[in-house]
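Numbering (our numbering) for the sequence shown: 159 to 211.
For reference, the structure discussed in these notes is given below.
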Amino acid sequence: PVWIGHQGRNSPVQLKRIAEELCLIRGLETSQLIEMIGKNSTQVLPKLAHLCT
């Protein structure tokens, strides 16, 4: 991301800000993005679904 400059690679610390930026770009609420990511994750990784219920 641009905001970290030349500090190196992305890290999990950046996830919140990345999600906020995606919501701004797509015109979504955070809860909508979370729901979309959850659905996509369980479709791609079906065994993950039983861990999220």
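Quick reminder that beta carbons are idealized off the backbone N, C-alpha and C, glycines included.
Grouping DSSP H, G and I as helix and E and B as strand, with all else coil, what is residue i?
i	result
N198	helix
R184	helix
R167	coil
L209	helix
Quick one: measure Cβ to Cβ for residue i and residue j, integer angstroms, because I've assumed they're closer than 8 angstroms.
i	j	result
C180	L191	The question names Cys, yet the displayed sequence has Leu at residue 180. Yes, they are in contact, since the Cβ atoms of L180 and L191 sit about 6 angstroms apart, within 8 angstroms.
R184	W161	Actually they are not in contact, since the Cβ atoms of R184 and W161 sit about 18 angstroms apart, beyond 8 angstroms.
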